[in-house]
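Each remark here refers to the structure printed beneath this line.
2 protein chains.
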Amino acid sequence: MKYRRSGRLVDMTQYLLAHPHQLIPLTFFSDRYESAKSSISEDIGIVKEVLETKRLGTLETSAGASGGVTFVPTVDLDEAEQLIDRLCTQLQDPSRLLPGGYLFMMDIIGDPSLTQQLGRIFASYYRAEKIDAVMTMATKGIPLAYAVAAHLHVPVCIVRHEQRITEGSIVSINYVSGSTKRIQTMSLARRSLKPHSHVLIVDDFMKAGGTIRGMMDLVEEFQSTVAGVGVLTEAVHEEEKLVSDYTSLTKLSQVDVKNKAIQVERGNIFNSSFGDRK
Amino acid sequence: MKYRRSGRLVDMTQYLLAHPHQLIPLTFFSDRYESAKSSISEDIGIVKEVLETKRLGTLETSAGASGGVTFVPTVDLDEAEQLIDRLCTQLQDPSRLLPGGYLFMMDIIGDPSLTQQLGRIFASYYRAEKIDAVMTMATKGIPLAYAVAAHLHVPVCIVRHEQRITEGSIVSINYVSGSTKRIQTMSLARRSLKPHSHVLIVDDFMKAGGTIRGMMDLVEEFQSTVAGVGVLTEAVHEEEKLVSDYTSLTKLSQVDVKNKAIQVERGNIFNSSFGDRK
Chain L
2 MKYRRSGRLV DMTQYLLAHP HQLIPLTFFS DRYESAKSSI SEDIGIVKEV LETKRLGTLE
62 TSAGASGGVT FVPTVDLDEA EQLIDRLCTQ LQDPSRLLPG GYLFMMDIIG DPSLTQQLGR
122 IFASYYRAEK IDAVMTMATK GIPLAYAVAA HLHVPVCIVR HEQRITEGSI VSINYVSGST
182 KRIQTMSLAR RSLKPHSHVL IVDDFMKAGG TIRGMMDLVE EFQSTVAGVG VLTEAVHEEE
242 KLVSDYTSLT KLSQVDVKNK AIQVERGNIF NSSFGDRK
Chain E
2 MKYRRSGRLV DMTQYLLAHP HQLIPLTFFS DRYESAKSSI SEDIGIVKEV LETKRLGTLE
62 TSAGASGGVT FVPTVDLDEA EQLIDRLCTQ LQDPSRLLPG GYLFMMDIIG DPSLTQQLGR
122 IFASYYRAEK IDAVMTMATK GIPLAYAVAA HLHVPVCIVR HEQRITEGSI VSINYVSGST
182 KRIQTMSLAR RSLKPHSHVL IVDDFMKAGG TIRGMMDLVE EFQSTVAGVG VLTEAVHEEE
242 KLVSDYTSLT KLSQVDVKNK AIQVERGNIF NSSFGDRK
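Residue numbers (this note's numbering), protein chains in the order written: chain L, 2 to 279; chain E, 2 to 279.
So this is what it looks like as structure tokens:
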């Protein structure tokens, strides 16, 4: 089917957005639209300019016979900060306070559109790292992990507290919860993660960091490497955290159960040279 | 910022795709591009034609002062069938067979791009129904549920076997597993689902249907209504299923543990008048 430029631009935009971090050969588009490569190159230039002006992403082009284009999703830093500031305000609602100093966050985690946007911030931050898989802990880390992984185009592996029958051989490790000091077990199906992977760990909440520390140890059991750690919310903790190198979107800096007051601020991902990162 | 048509088309496409099932006023676009409404209407016509030709969705326009446009994602039925046929072939790999006649499916569920496509099939099928929320069971139903919910632009509520402290008051019910006949408990946080909701239940696997039946009962406990049931894989079962009205993407029609043979075919969603559904 032959397309005019306007039609090509619409279809090319939707196609590239649906295939982040994947090299699409120019020949794919010239076949798809029965158009000359020179026209396709011009189209790509137009799409690239809009995406970059809107800070939605970059189009990386490679030349030569195997030439093509790769869409790399990014975020507009100002918009990301505004999104997080709104999230902080939402999280400060005293009615979220639950026994034990926990916060009700399921409405945040349960919003697919919001988790997509939050995941995109991590995907933008870690976009230049070599990442082969995203690892998370069931249950509440899963939505954010999928959002990150979708934007990076990598698979997700889900670590669990239980040992389920339906996944074949599993690797289990013991770890000490940093907050409660209890010994717990976490497991991952042997087939869920390839050896020698670079793993980005994503979770919803980090207090002392015991669960994250456990996942880092689990990554090693798979002869793999931790490429980064990102959490939706980190909580202040009296003692030193068990994880030093991590990024957070929000920081629960104060919980006053008696007066029902919560203070939430931007996480450390915004302290860093986020805006300047290639 | 003023845009030429080519730039508007690229940005409008990405914006509409990112906001499915949401009415976008024409004034939003005319402000965004500093363009006359007549130009915006023409742009929308072009985007609509491409999306409908590619069967990626429809653009529903409403006239008048509050006029606007809503992107409704659909799937190309032929492409959906091809996707499911490839999935069936993958699932028939004998190395997936686990003790108890279960199948290893975590690589399928762990692929965010694939779950997005599978979720879109359900979102397309149920697009004309009134749906306020998607409900699923932790852990393995979550990725597909989020994919469906993202395309329908509704929140997800996650039912769990455990009773966690971090979600405030919960509603628990007992149910009988259809396969093992054991009595089990499932819980949902009171705040996770608004009363009087229309709920689409999504899960990864259904054998006798006991878990789905339990979720249907749980929906009633929230004074809500089941709008539909969709599962990734249904398994043949000797006895009558506990759920009669459901859709499935794939059907595990035969598992021969002794000879390590599995037979998987298209689910019942393709038997129905899927193609003709408005």
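Note that CB positions come from ideal geometry on N, CA and C, so glycine has one too.
Could you name the residues of the same chain whose beta carbon sits closer than 6 Å to that of residue i, not counting the 5 residues immediately before and after it, in chain order?
{"i": "Gly231 (chain E)", "result": "Phe123, Val203, Thr248"}
{"i": "Gly68 (chain E)", "result": "Leu27"}
{"i": "Pro95 (chain L)", "result": "Lys261"}
{"i": "Ser7 (chain L)", "result": "none"}
{"i": "Val353 (chain L)", "result": "For chain L, the structure presents residues 2 to 279; residue 353 (chain L) sits outside this window and is missing."}
{"i": "Ile41 (chain L)", "result": "Leu27, Phe30, Ser31"}
{"i": "Glu168 (chain E)", "result": "Ala190"}
{"i": "Gly268 (chain L)", "result": "Ser249, Leu250, Thr251, Lys252"}
{"i": "Leu104 (chain E)", "result": "Arg97"}
{"i": "Gly179 (chain E)", "result": "Ala209, Gly210, Gly211, Leu243"}
How would you list, in chain order, the residues of chain E whose beta-carbon sits under 8 Å from the beta-carbon of residue i?
{"i": "Met107 (chain L)", "result": "Cys158, Ile159, Glu168, Ala190, Arg192, Ser193"}
{"i": "Thr140 (chain L)", "result": "Ala139, Thr140, Ile143, Ile159, Arg161"}
{"i": "Ala209 (chain L)", "result": "The contacting residues do not exist; Ala209 (chain L) stays about 15 Å from chain E at best."}
Residue i touches chain E at which residues, Cβ-Cβ below 7 Å?
{"i": "Val11 (chain L)", "result": "Leu10, Thr14, Ile47, Val48, Val51"}
{"i": "His238 (chain L)", "result": "Per Cβ cutoff of 7 Å: no residues; His238 (chain L) is ~16 Å from chain E at best."}
{"i": "Lys55 (chain L)", "result": "Asp12"}
{"i": "Tyr34 (chain L)", "result": "Correct list: empty, because the minimum Cβ distance to chain E is about 11 Å."}
{"i": "Tyr147 (chain L)", "result": "Pro113, Pro144, Tyr147"}
Return the chain-ordered list of same chain residues with a C-beta closer than 8 Å to the C-beta of residue i, the five sequence neighbours on each side being excluded.
{"i": "Gln23 (chain L)", "result": "Thr71, Phe72, His154"}
{"i": "Glu53 (chain E)", "result": "Thr59, Leu60"}
{"i": "Lys38 (chain E)", "result": "Leu27, Thr28, Ser31"}
With which residues is residue i paired in a DSSP beta bridge?
{"i": "Lys252 (chain L)", "result": "L:Glu235, L:Glu266"}
{"i": "Ser173 (chain L)", "result": "L:Ser188"}
{"i": "Ala63 (chain E)", "result": "First, the amino acid is wrong: residue 63 (chain E) is Ser here, not Ala. Paired residue(s): E:Gly69."}
{"i": "Asp257 (chain L)", "result": "L:Ala262"}
{"i": "Ile213 (chain L)", "result": "None, per the DSSP bridge assignment."}
{"i": "Val203 (chain L)", "result": "L:Gly231"}
{"i": "Thr226 (chain E)", "result": "E:His199"}
{"i": "Leu99 (chain E)", "result": "E:Tyr103"}
{"i": "Arg161 (chain E)", "result": "E:Ser188"}
{"i": "Gly8 (chain L)", "result": "DSSP output for Gly8 (chain L) lists no bridge partner at all."}
{"i": "Gly58 (chain L)", "result": "L:Pro74"}
{"i": "Val135 (chain E)", "result": "E:Val157, E:Leu201"}
{"i": "Ile25 (chain E)", "result": "E:Val70"}
Between which residues of its own chain and residue i is the CB-CB distance below 7 Å, once the five residues before and five after are set aside?
{"i": "Tyr126 (chain L)", "result": "Thr248, Ile270, Phe275, Arg278"}
{"i": "Tyr176 (chain E)", "result": "Gln185, Met187, Gly211, Arg214, Gly215, Asp218"}
{"i": "Glu222 (chain E)", "result": "Val172, Ile174"}
{"i": "Arg87 (chain E)", "result": "none"}
Go ahead and label residue i buried or exposed: buried means 16 or more other beta carbons lie within 10 angstroms of its beta carbon, across all protein chains shown.
{"i": "Pro21 (chain L)", "result": "buried"}
{"i": "His152 (chain L)", "result": "buried"}
{"i": "Asp205 (chain E)", "result": "buried"}
{"i": "Pro156 (chain E)", "result": "buried"}
{"i": "Glu163 (chain E)", "result": "exposed"}
{"i": "Asn90 (chain E)", "result": "Position check: residue 90 (chain E) holds Thr in this sequence, whereas Asn was assumed. Thr90 (chain E) is exposed by the Cβ-count criterion."}
{"i": "Ser173 (chain L)", "result": "exposed"}
{"i": "Gly241 (chain E)", "result": "Before going further, note that residue 241 (chain E) is Glu rather than Gly in the sequence given. By the neighbour-count rule (16 or more Cβ atoms within 10 Å), Glu241 (chain E) is not buried but exposed."}
{"i": "Glu35 (chain L)", "result": "exposed"}
{"i": "Gln117 (chain E)", "result": "buried"}
{"i": "Val265 (chain L)", "result": "buried"}
{"i": "Asp246 (chain E)", "result": "exposed"}
{"i": "Thr181 (chain L)", "result": "exposed"}
{"i": "Gly65 (chain L)", "result": "exposed"}
{"i": "Gly120 (chain E)", "result": "buried"}
{"i": "Lys49 (chain E)", "result": "buried"}
Anything in chain L within Cβ reach of residue i, meaning under 8 Å, just list it in chain order.
{"i": "Arg6 (chain E)", "result": "Ser7"}
{"i": "Gly111 (chain E)", "result": "Pro156, Val157, Cys158, Ile159, Ser193"}
{"i": "Ala262 (chain E)", "result": "Chain L residues near Ala262 (chain E): none, gap ~18 Å exceeds 8 Å."}
Given that residue i touches chain L, what residues does it touch there, using C-beta distances under 7 Å?
{"i": "Gln117 (chain E)", "result": "Ala151"}
{"i": "Leu18 (chain E)", "result": "Gln15, Leu18"}
I want to verify the contact list: residues of chain E whose CB lies under 9 Å from the CB of residue i, in sequence order.
{"i": "Leu88 (chain L)", "result": "Ordered by position in chain E, no residue passes the 9 Å Cβ test against Leu88 (chain L), which lies about 15 Å from the chain."}
Chain L partners of residue i, CB-CB under 9 Å?
{"i": "Leu201 (chain E)", "result": "Simply none; closest approach about 13 Å."}
Could you name the residues of chain B that residue i contacts, counting a contact when the two beta carbons are closer than 9 Å?
{"i": "Leu99 (chain E)", "result": "Looking for chain B here will not work: the only protein chains present are L and E."}
Quiz item: Between the region 224-238 of chain L and the region 252-263 of chain L, do three or more beta carbon pairs fall short of 8 Å?
Solution: yes
Quiz item: With contact counted as at least three CB pairs below 8 Å, one residue from each stretch, are the region 187-200 of chain E and the region 135-154 of chain L in contact?
Solution: no
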